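In the working numbering, the protein residues as written are 675 to 958.
Note that CB positions come from ideal geometry on N, CA and C, so glycine has one too.
Quick caveat: nothing in here was measured; it's all calculated off a predicted structure.
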């Protein structure tokens, strides 16, 4: 047992304070790298169990807060009985660190996965409009990987989002050939490459379905003309790292474009040798 977790009836449970700290850190980092302007971007964490004592530590949700039953935008049976901590619609991710009660809400997923009890400090707060993508990805990954802790992060990093407007980067193979060639770390962080989804209306059912399907094969997907979504079972800070790695690669590509493309980056043969060295299936 650590300061960040407790063992209750044989179950190791992460403390909510640990999760909120990581969400706040990731939110601030997204703002620092220009990936979450204003209220852009959103984040969610699913956790199977919370220690009962947590309820007394967070009165803004459990004691003095408001509880409202809501219908979920998609049915998530694999999340039933668990908790989703979700950024609020119109809320700034950078504010999570200092005012989690004003930026986040807590969804207690009910049996069957069709409804949830919404815990919030502010009665006007509602989950992000892209909740359907978040919980659909959680539902799919929790079942497939037998997870009890999972993060989904959507951000809008400047250079990566700009490149997604250009047709030459509009398919998965082309995007990866251009982004993975600049730093050896990139392919180590994205061994399957980064997926690409065609533009869909934000918060639409089509966007959610595309996201689920692509994130079955990749840990990150670029929403064309919109941003990036990453999934991670190592916590919100690691999810933020993935966004940062992808954006750094996009910045290299952007610099090369501005300079007239004088460099080809890491060659195909060098990439193959590196993949062989680290046991990665060459994704291109």
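Going by DSSP, residue 828 is part of the beta strand (DSSP E) stretching over 823-829.
Straight through space, the alpha carbons of residue 944 and residue 951 are spaced by roughly 11 Å. Per DSSP, the continuous beta strand (DSSP E) segment holding residue 782 begins and ends at 778-783.
By the CB criterion at 8 Å, residue 894 and residue 864 fall inside the cutoff.
Taking a C-beta distance under 8 Å as the contact criterion, residue 866 and residue 828 do not qualify as a contact pair.
The DSSP assignment places complete beta strand (DSSP E) segments of no fewer than 3 residues inside the stretch 728-777 at 740-745 and 757-761, in order along the chain. Straight-line measurement puts the Cα of residue 869 at about 8 Å from the Cα of residue 889.
In this structure residue 808 is buried. Its beta-carbon is surrounded by 16 or more other beta-carbon atoms within 10 angstroms. The three-state reading of DSSP puts residue 794 in strand, counting E and B together.
Within the same chain, Cβ atoms closer than 8 Å to the Cβ of residue 871 are found at 881, 884, 885, 888, 895, 896, 897 and 898, the five residues on either side in sequence being excluded.
Taking the C-beta atoms as reference points, residue 825 is found no nearer than 8 Å to residue 716. Contiguous beta strand (DSSP E) elements confined to the stretch 869-901 occur at 869-871 and 894-897, taking only those with 3 or more residues. Around residue 799, the same chain offers 762 and 779 as residues with beta carbons nearer than 7 Å, after the five sequence neighbours per side are excluded. Rounded to whole angstroms, residue 955 and residue 949 show a C-alpha spacing of 6 Å. With distances taken between CA atoms, residue 690 lies nearest to 760 out of 760, 838 and 788. According to DSSP, residue 801 shares a beta bridge with 762. Under the DSSP assignment, residue 716 falls in the beta strand (DSSP E) whose first and last residues are 716-721. For residue 919, the enclosing alpha helix (DSSP H) covers residues 910-932. Taking 8 Å as the upper bound for CB-CB distance, residue 793 and residue 741 are in contact here, some 6 Å apart. Counting along the chain, the unbroken alpha helix (DSSP H) around residue 701 starts and ends at 690-706. Secondary structure note for residue 861: its alpha helix (DSSP H) is the uninterrupted segment 858-863. Spanning the alpha carbons of residue 822 and residue 782 requires a straight line of approximately 14 Å.
For the pair residue 939 and residue 789, the Cα-to-Cα distance works out to about 49 Å. Non-local C-beta neighbours of residue 848 in its own chain, meaning closer than 7 Å and more than five positions away in sequence, comprise 842, ordered along the chain.
If the five residues before and after residue 766 are omitted, its C-beta is found closer than 6 Å to the C-beta atoms of 713, all from its own chain and listed in chain order. The closest CA to that of residue 813, considering only 706, 748 and 850, is found on 748. Residue 879 is positioned such that its CB atom lies closer than 8 Å to that of residue 806.
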